[in-house]
Amino acid sequence: MIDLFPMTLSPERALDLAREKLASQGRNDQPRLITDTSEFFEVRFGDVLLLGGAAYLVRGVAQEGRFGLDAQPKPWVKWAVDLVSDRRVIIKLVFFESFDLKIGDLTYTCFRSPKKEARLLDLVRGRKHFMQGQWLTDEVGNHVRILEVLPGPSLPAHVENGPTGDHLDYCRKILPGLLERYIPAVEGLDFLHRHGEKHGDVRRDHIFLDRDGDFAWIDFDYNYRHQENLAGLDLFGLGNILAWLVGGGDVTLHWLKAAHPDWLARLTTGDLNLVYHHRVMNLGAIYDYLPSELVHILRRFSADSNVFYDSAAELADDLRAATTALTSL
Numbered sequence: 005m006i007d008l009f010p011m012t013l014s015p016e017r018a019l020d021l022a023r024e025k026l027a028s029q030g031r032n033d034q035p036r037l038i039t040d041t042s043e044f045f046e047v048r049f050g051d052v053l054l055l056g057g058a059a060y061l062v063r064g065v066a067q068e069g070r071f072g073l074d075a076q077p078k079p080w081v082k083w084a085v086d087l088v089s090d091r092r093v094i095i096k097l098v099f100f101e102s103f104d105l106k107i108g109d110l111t112y113t114c115f116r117s118p119k120k121e122a123r124l125l126d127l128v129r130g131r132k133h134f135m136q137g138q139w140l141t142d143e144v145g146n147h148v149r150i151l152e153v154l155p156g157p158s159l160p161a162h163v164e165n166g167p168t169g170d171h172l173d174y175c176r177k178i179l180p181g182l183l184e185r186y187i188p189a190v191e192g193l194d195f196l197h198r199h200g201e202k203h204g205d206v207r208r209d210h211i212f213l214d215r216d217g218d219f220a221w222i223d224f225d226y227n228y229r230h231q232e233n234l235a236g237l238d239l240f241g242l243g244n245i246l247a248w249l250v251g252g253g254d255v256t257l258h259w260l261k262a263a264h265p266d267w268l269a270r271l272t273t274g275d276l277n278l279v280y281h282h283r284v285m286n287l288g289a290i291y292d293y294l295p296s297e298l299v300h301i302l303r304r305f306s307a308d309s310n311v312f313y314d315s316a317a318e319l320a321d322d323l324r325a326a327t328t329a330l331t332s333l
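Numbering (our numbering), first residue to last: 5 to 333.
Here's what the structure looks like:
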């Protein structure tokens with residue numbers, strides 16, 4: 005765990021430690037001391053962030069690879085080293101953005117909220133299945149989050165990315181173990197929802213493996229304005245991840261056309277994803293050996309569904325039954 009009460013360093017001592025650290029690596033950079041992190045683009049390698057007496061030496065910019073795309077820099081997220089403990093950390097600076105997401109007849113306004121992520125770090129402290137960290141404010145009140153580094157890999161790097169090979173064999177040998185680890189992560193989101201909070205950006209690349217190989221959620225800084233159900237958008241994300249797990253990758257119309265064009269006749273538009281219309285959600289329409297308990301779940305996330313999950317706890321209960329049913333394949 006990150007020390008919640010780091011040793012207080014004077015600015016002079018922080019700069020001295022930074023110079024020593026850089027010199028030990030053969031560099032003669034003259035570090036700058038930064039106490040206002042508002043201009044995150046200006047925070048560069050070798051700078052020292054002094055936050056409430058805690059000091060961190062910036063080592064680079066984090067990158068995010070999403071769904072097979074090349075890694076994209078996230079300039080508001082920095083790799084850094086705690087100058088007292090020498091522990092490597094991830095530091096998230098304040099960055100605001102918003103967008104609208106339409107799911108069926110509902111529109112969600114999504115926006116980044118550093119304060120919300122800080123609040124969730126307090127809520128999940130010490131709880132498995134969540135990234136851990138603390139938050140500090142800089143001299144102008146920005147909520148800066150200092151995060152432990154999960155060993156990984158990410159879930160997409162852990163699971164074969166693409167519906168290739170023998171799918172039935174995958175469902176027999178690999179999928180049950182994945183679902184057994186996915187269920188506690190689903191229950192973790194239920195914990196948030198029961199406390200009036202949301203993850204806000206539930207995606208498969210926001211699950212990392214912890215030191216025990218269990219699934220842990222990262223990146224809590226998105227929030228959304230919910231309508232009837234606080235958990236609604238999080239639940240939709242959980243359904244997307246489930247379809248990806250069951251398929252052993254995204255089962256898309258493009259892939260079907262190339263690999264199994266005759267299977268396209270098995271589908272209706274109601275079997276597709278509510279947002280990503282090129283993805284198949286109701287995989288039972290393609291793989292007729294999937295147990296009915298699993299197909300039942302997938303159909304509740306399909307485009308033609310008029311029955312939706314009210315809670316992540318309800319989804320977790322159904323996933324347990326579906327995982328048991330997979331053993332009979």
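Glycine is no exception: its CB is placed at the ideal position from the N, C-alpha and C atoms. Quick caveat: nothing in here was measured; it's all calculated off a predicted structure.
Of the residues P180, L124 and L54, the one placed nearest A326, counting alpha carbons only: P180
task: Give the straight-line distance between the Cα atoms of D214 and F49, rounded to the nearest whole angstrom.
output: 27 Å
message: Tell me which residue opens and which closes the alpha helix (DSSP H) that P160 is part of.
response: L159 to H162
query: Hey, quick one: how far does the beta strand (DSSP E) through A149 stretch, first residue to last?
result: Sequence inspection shows Arg at residue 149; the Ala mentioned does not correspond to that position. Its beta strand (DSSP E) spans residues H147 to L151.
- prompt: Terminal residues of the continuous beta strand (DSSP E) containing P35?
  reply: Segment: none, P35 is in no beta strand (DSSP E) and carries neither H nor E.
V98, buried or exposed, once every other Cβ within 10 Å from all chains shown has been counted against 16: buried
query: Which runs of the alpha helix (DSSP H) fall wholly inside the stretch 96–124 and span at least 4 residues, in chain order?
result: none
- prompt: With a cut-off of 7 Å, does the C-beta of Q231 fall near any C-beta of chain C?
  reply: No chain C appears in the structure shown, which is made up of a single protein chain.
- request: Could you say which of Q138, E68 and Y112 lies nearest to L55 if we only look at CA atoms?
  value: Q138
- prompt: Around the C-beta of Y280, are 16 or more other C-beta atoms found within 10 angstroms, so that it is buried, or is it exposed?
  reply: exposed
- request: Give, in chain order, every unbroken run of the alpha helix (DSSP H) that is at least 4 residues long and sits entirely within the stretch 246–284.
  value: 257–263
3-residue-minimum beta strand (DSSP E) runs that sit fully inside the stretch 48–95, ordered along the chain: 52–55, 58–68 and 76–86
task: Assign A262 to buried or exposed, taking buried as 16 or more other Cβ atoms, counted over all protein chains shown, within 10 Å of its Cβ.
output: exposed
- prompt: Nearest to K120 by alpha carbon, out of D314, R229 and I187?
  reply: R229
message: I need the boundaries of the beta strand (DSSP E) containing I211, first residue and last residue.
response: I211 to L213
field: Three-pair Cβ contact test at 8 Å for the stretch 149–157 versus the stretch 209–225
entry: yes
- request: Can you grab the Cα-Cα spacing for the pair N146 / I222, in whole Å?
  value: 20 Å
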